[in-house]
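Just below is one structure, and these are the notes that go with it.
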Amino acid sequence: IFKTIFSLCLFVYLAPQIITLLETMDVLLDHNATFICEVESRPPADITWTKNNQPIMYYDTRYLTREQGQLLLIPHVRESDNGEYCCIARNGVGEPAKSCGALQLKMKPQIKRHPTNVTLLIDSKAVLPCVTLGNPKPDVTWLKDDELIKISARVTILDYGALKINNIQKDDAGQYRCVARNSFGLAFSKPVTIEVQAPARILRVPKEKRV
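Read in order, the letters of the sequence shown correspond to residues -20 to -1, 1 to 191 in mature numbering (1 follows the signal peptide of the UniProt record, and there is no 0).
See the structure below:
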């Protein structure tokens, strides 16, 4: 008795499915960013990436890919890296799978323009500059002799961070510095000094008497 044995191999094709979807990520300036696009696919999918709808080419040294394209690495993130990133998985079965996320550059506060020492007359006006950078935009406060300055009708902080003091008085003399703060940190300006002087008094010179 002879038996014929058949061996049947069944291969199931599976259209690409993205298991780990891309999300929006906040990344600090000069830090590294990694997008993860985990794909399930039979046969294995060809994974490509786009930035702002433009293909990221394999020879573009700005980016690194790992794990058969499932990881996109962006080293030392800079402002030009802001944008939308998408991964597209294709294997010839069904429709390509696509997932998109965004990279948003964030920045710790920086003081770009520091205040400087000033000497002022009583009743004059002072404007101490404090130009900041940061994302989110930093909130600016001021310290006088290491104590928080209270805002009033006479003492205000302008929209661009400068401290304005009207009607300068002797009590306004001291050491000042601005503080820039956002959710990623804070920065202090250099301490500067306001010196207050009384205006010069003009004395009347007595007239000479002729004999």
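Quick reminder that beta carbons are idealized off the backbone N, C-alpha and C, glycines included.
For clarity, every value in this text was computed on a predicted model and none was experimentally measured.
- Here the C-alpha atom of residue -5 lies approximately 7 angstroms from the C-alpha atom of residue 76.
- In the DSSP annotation of this structure, the continuous segment of the beta strand (DSSP E) that includes residue 156 starts and ends at 154 to 162.
- It is roughly 32 angstroms from the alpha-carbon of residue 122 to the alpha-carbon of residue 5.
- Annotated three-state conformation of residue 130 is coil, per DSSP.
- Residue 60 sits in a helix when the DSSP states are folded into three classes.
- Leaving aside the five residues that flank residue 95 on each side, the residues in its chain whose CB is nearer than 7 angstroms to its CB run, in chain order, 108, 109, 110, 156, 158, 169, 172.
- The Cβ atoms of residue 25 and residue 70 lie closer than 8 angstroms to each other.
- Uninterrupted alpha helix (DSSP H) stretches at least 4 residues long and entirely within the segment 16 to 64 do not occur.
- DSSP places residue 139 in the coil class of the three-state scheme, outside both helix and strand.
- Per DSSP, residue -5 is one residue of the beta strand (DSSP E) stretching across -7 to -3.
- Taking C-beta separations shorter than 8 angstroms and ignoring five residues to either side along the sequence, residue 132 has no partners in its chain.
- 8 angstroms or more divides the Cβ of residue 34 from the Cβ of residue 62.
- Just measuring C-alpha positions, the residue of 177, 54, 18 sitting nearest residue 98 is 177.
- The beta-carbon separation of residue 130 and residue 154, rounded to 14 angstroms, does not stay under the 8 angstroms limit for a contact.
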